[in-house]
Amino acid sequence: MAKYIGKRIIFMIITLFIISSATFFLMKFLPGTPFQNEEKLSEDQREILNEKYGLDQPIPVQYANYMVNIAKGDLGVSFQFDNQPVTNLLKNRMGPSLQLGFQAMFIGTIIGILLGVLAAMFQNTWIDYGSTFLAVLGKSIPSFVFAAVMQYYIGVKLELLPVASWDGFTSSIMPTIALAIFPIATAARFMRTELIEVLGSDYITLAKAKGNSGMEVSFKHAIRNALIPLITVLGPMAVALMTGSMVVEQIFAIPGIGEQFVKSIQTNDFPIIMGTTIFFAFLLMVIILIIDILYGIIDPRIRLTGGDKK
Amino acid sequence: MKKSKNFLLLVIALAVAMIISACGSGSESSDGEGSDSGDTGSSEKQIFNMVETAEIPTGDPALATDQASFIVFGQTIEGLYVLDENDKPVPAIADGEPEISEDGKEYTFKLREDAKWDNGDPVTANDFVYAWQRAVDPDTGSEYAYMFSGVIENAEAIISGDKDPEELSVEAVDDYTLKLTLEQPIEYLNSLLAFGTYLPLNEEFVEEKGDKFGTNSDNMLANGPFKLTEWDGSGLEWKYVKNDAYYDKENVSLDEVNVQVAKKPSTAVNLFETGEADRTAALSAEYAKQYKNHENASKFEELSSWYLKFNQERDGEDTPLANENIRKALAMAFDKESFTETVLSNGSVPSDGYVPKGLASNPETDEDFRDESGSLISKDVEKAKEYWEKGLEELGKDKITLDYLSDDTENAKTTSEYFKNQLESNLDGLTIELTNVPFKVRLDKTRKQNYDIVMHGWGPDYLDPMTFLDLFVTDGTNNETSYSNKEYDQLIEDAKEKYANDPEKRWETMLEAEKLLVQEDTVVAPIYQRGRITLIKPKVKGLVEHAFGPDYTLKNVTIEK
Chain R
1 MAKYIGKRII FMIITLFIIS SATFFLMKFL PGTPFQNEEK LSEDQREILN EKYGLDQPIP
61 VQYANYMVNI AKGDLGVSFQ FDNQPVTNLL KNRMGPSLQL GFQAMFIGTI IGILLGVLAA
121 MFQNTWIDYG STFLAVLGKS IPSFVFAAVM QYYIGVKLEL LPVASWDGFT SSIMPTIALA
181 IFPIATAARF MRTELIEVLG SDYITLAKAK GNSGMEVSFK HAIRNALIPL ITVLGPMAVA
241 LMTGSMVVEQ IFAIPGIGEQ FVKSIQTNDF PIIMGTTIFF AFLLMVIILI IDILYGIIDP
301 RIRLTGGDKK
Chain F
311 MKKSKNFLLL VIALAVAMII SACGSGSESS DGEGSDSGDT GSSEKQIFNM VETAEIPTGD
371 PALATDQASF IVFGQTIEGL YVLDENDKPV PAIADGEPEI SEDGKEYTFK LREDAKWDNG
431 DPVTANDFVY AWQRAVDPDT GSEYAYMFSG VIENAEAIIS GDKDPEELSV EAVDDYTLKL
491 TLEQPIEYLN SLLAFGTYLP LNEEFVEEKG DKFGTNSDNM LANGPFKLTE WDGSGLEWKY
551 VKNDAYYDKE NVSLDEVNVQ VAKKPSTAVN LFETGEADRT AALSAEYAKQ YKNHENASKF
611 EELSSWYLKF NQERDGEDTP LANENIRKAL AMAFDKESFT ETVLSNGSVP SDGYVPKGLA
671 SNPETDEDFR DESGSLISKD VEKAKEYWEK GLEELGKDKI TLDYLSDDTE NAKTTSEYFK
731 NQLESNLDGL TIELTNVPFK VRLDKTRKQN YDIVMHGWGP DYLDPMTFLD LFVTDGTNNE
791 TSYSNKEYDQ LIEDAKEKYA NDPEKRWETM LEAEKLLVQE DTVVAPIYQR GRITLIKPKV
851 KGLVEHAFGP DYTLKNVTIE K
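Those protein sequences? They're chains R and F, same order as listed. Position 173, counted from 1, in the first sequence is what the numbering used here calls 173; the numbers after and before it change by one each time, with no gaps. The number in the numbering used here is simply the position in the second sequence, starting from 1, with 310 added.
The following block contains the structure:
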């Protein structure tokens, strides 16, 4: 196991290197300068500023400098937020985004699994149709629409929860629900399909034939096996949550990182673009790694250590 | 079995972590809320809650370029002058008007001796000397350093690295006497002295903080009515609290101002509707339209002028717009009133000139520049068609295709459609191709003159028509059209140098220049002067909105109970 993880971490570092290199060069194709007052600057002024920030050097040199700094753990200083180290910004903005993402994923998968199980066990009844309807709704309506509707009815009309801002748990409820809609729908649909399939398989029939009750069979054998494939979709789901949170963060005025990512691209804030890209990539790879490890733990057919490989 | 137990454990651990984190932030919030509501309930504290649309990019006046930063300085730092409710500069840290030398170049300011920074240090002449030298120093990397060039002697050479910052002609004669020498007499100096880049800084404090200066509210000092608190450097919330060190604190009644950034206009409006905010920032187009007749709506005319800019040379070749008749035809072929009324609908007003109204007034008669200059070019479809025919004939064509460059926001796209429709339907043989691109791309294309027509706006750097007019001198940085007219260059030069000490003559020359630019040469086609609509609760009194510098000042705000 340790060997496997070690290997994966080495691959992660290589991947991160490739991603950051590609982003660096692509980013340099962006037209314009990172200066906020670009329009009013004269040629001379721009040259002076470029020189000050090392942007006058050839791109390969800039690239080498940047990579050396990254290796030292220095992600540079933002252009939008003058003199603000990128690490500071990431540190300040990461918390809310991660909290929302995890809350949404946690609540989303649990409710989703429940809905899916109910739908499969009561197949072709109103429970099944109702759950499928909810799943389709959740899948097809974007989270920001839910967010806006909730904000209006729950925040403005009923005044049950704060409209926006980031002041602790109560203010995270609505954004969490908005973000959880997608995981709920995904998990519910997945769970239903898998469970129906498992319930129809031979070993379930055998268990039933042995005289076990339907409920017992479902909980002891079927659900456990149906859960395995769901873990596979958790990774993509986490990514969807990261990107989906950009708009939701804006709607609820949450100081998150997603929203900052978009703005950094619009303003050519090179260090922030790089910083957030590397951070997102890193996060995604860690999640995938965790999922792969989890897979090995719950599915005996998968072995992470080399020995069993064909 | 063992494996599933592990999995279960993992899930439980995750759940516990979740709950702990939720509780953690939950208790934090209840503390904060508790004290807040306690304050409003029990005492007579004056609290104002407002919404902004963007984060504060920096608390360092030399580096600031963004409106959000200038708004902060407007509440926390006073310069030699501040703007009053009519946007007229009035002495602040300056103790009365300065002594001015005969040739209009040397200014000697006496500073008030009761002004203090909130760390207790007095505000001295050296604070200005230090701040200005720092701003022009290329090592600081100030994007607004050019605000000094051509104004304070030697600034230009220092900015381009040819002289040392110490050579800037500003001097602390004693702690409370500041002497500055100008490159040439400048009529609008007072409005510059109220601008963010000209604010004083406490040398000891700034040097001590080094790179950290202005990166969060602990690393800033205030000498104005309020000080900034609880700003972490990139967050969406901050506060202003009354500054007890302020020399005029008797006239400040607000104790606390809470600011929340809401980037979505719908969020801002919802916060306002629930009473969590007493004021929104300027509403974006779609909301402005919806709320312009709201009982709490407040309209304000800004000083930015918007127009179509015609590129006369592209890739080294003349464009059809090098033809004066074609430019005139285009400038007369669209309806400005219905554009501002129905498309923008945000308090903007149509304009027949380039220099906006409210910017400057005649030094003798006090008549506004725009009023005095009058309507220079307006809609006249008949005449437009005549010019168009004539222009086509001169070019020897019967069809022209032009591309129209603009931003890619919803509002900009609607605007583009409007102009395409108006121009194409009024001018036979014209095809407009729309290019809607992100802001930075638009700037880049404009700078490289990779466009035919661009929707362009310009705001003032100081309160004088020159901030608009000198754009179009031959090879000017923001000319971007290849327009070149010796007569125009001469007028601008005269106004700047020959008549520097003759305000009335200077004024007339600028009027003449605008007329030449718009009416005769039609380098640009004026469209409108931008307005903004905000929502504000009637209980908020005394908020002063500015068309220049910070969007507003809170010093005189009171909340009626």
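Glycine is no exception: its CB is placed at the ideal position from the N, C-alpha and C atoms. If you're wondering where the values come from, they're calculated on a predicted model, not measured in any experiment.
Residues of chain F with a Cβ closer than 8 Å to the Cβ of Ser42/R are, in chain order, Tyr456, Thr787.
Under the 10 Å beta carbon count, Gly54/R is surrounded by fewer than 16 other beta carbons and is classified as exposed. In the three-state scheme derived from DSSP, where H, G and I count as helix and E and B as strand, Lys420/F is classed as strand. Neighbours of Leu89/R in chain F, taken as residues at a C-beta separation under 7 Å, are given in chain order as Ser544.
By the Cβ test, the region 408 to 417 of chain F is not in contact with the region 356 to 371 of chain F, since fewer than three Cβ pairs between them sit closer than 8 Å. DSSP places Glu692/F inside the alpha helix (DSSP H), whose first and last residues are 691 to 705. Secondary structure at Phe11/R: helix, using DSSP grouped into helix, strand and coil. In the DSSP assignment, Ala639/F falls within the alpha helix (DSSP H) that extends over 634 to 642. In the three-state reduction of the DSSP assignment, Glu547/F falls in the strand class, which pools E and B.
For Tyr601/F, the uninterrupted alpha helix (DSSP H) run begins and ends at 595 to 601, by DSSP. Comparing C-alpha distances from Gln839/F to each of Gly767/F, Leu779/F, Lys851/F, Leu538/F shows the shortest one belongs to Gly767/F.
Around Gly108/R, the same chain offers Ala180, Pro183, Ile184 as residues with beta carbons nearer than 6 Å, after the five sequence neighbours per side are excluded. Residue Ala857/F holds the alpha-carbon nearest to the alpha-carbon of Gln377/F among Asp528/F, Thr741/F, Ala857/F. Close to Val571/F, with beta-carbon spacing below 7 Å, are these residues of chain R in chain order: Ala253.
Scanning its chain for C-beta atoms nearer than 6 Å, with the 5 sequence neighbours on each side dropped, one finds around Val764/F the residues Lys619, Leu715, Thr756, in chain order. Residue nearest to Pro660/F within the set Thr868/F, Glu647/F, Pro666/F, Leu740/F is Glu647/F (criterion: CA-CA distance).
The beta carbon of Pro475/F sits closer than 8 Å to those of Gln443, Arg444, Val446, Asp447, Ile468, all from its chain and outside the five residues before and after it, given in chain order. Going by beta carbons, Asn635/F and Lys709/F fall outside the 9 Å limit.
The region 827 to 843 of chain F makes no contact with the region 482 to 500 of chain F: fewer than 3 CB pairs, one atom from each, lie closer than 8 Å.
By the 16-neighbour rule on beta-carbons within 10 angstroms, Gly73/R is exposed. Inclusion of Gly101/R and Ser245/R in the CB contact set at 9 Å is warranted, their separation being smaller than that value. Annotation for Leu161/R: Ile154, Gly155, Thr170, Ser171, Ile173, Met174 place their beta carbon closer than 8 Å to its own, counting only its chain and skipping 5 residues before and after.
In the DSSP assignment, Thr745/F is bridged to Leu715/F. Here Asp628/F carries a strand assignment [DSSP, helix/strand/coil].
Gln570/F sits close to Glu362/F, with the two beta carbons spaced by under 9 Å. Each of Leu779/F, Tyr556/F, Leu640/F, Val665/F was checked against the Cα of Pro432/F, and the nearest Cα belongs to Tyr556/F. For Lys522/F, a Cβ of chain R is located within less than 9 Å of the residue's own Cβ. One finds Ser544 in chain F with Cβ atoms closer than 8 Å to the Cβ of Arg93/R, taken in chain order. Here Lys210/R is exposed. Its C-beta has fewer than 16 other C-beta atoms within 10 Å.
A straight-line Cα-Cα distance of about 19 Å links Glu692/F and Thr741/F. Uninterrupted beta strand (DSSP E) stretches at least 3 residues long and entirely within the region 79 to 116 of chain R do not occur. Between Phe282/R and Leu16/R a beta carbon distance of about 6 Å is seen, short of the 8 Å cut, so the two are scored as contacting. A direct Cα-to-Cα measurement between Gly214/R and Leu227/R gives close to 18 Å.
Identification of chain R residues near Gly471/F by a Cβ-Cβ cut-off of 8 Å yields Ile48, ordered along the chain. 9 Å or more divides the Cβ of Leu712/F from the Cβ of Tyr498/F. Among the residues facing chain F, Gly73/R is not included, as its CB has no counterpart in that chain under 9 Å away.
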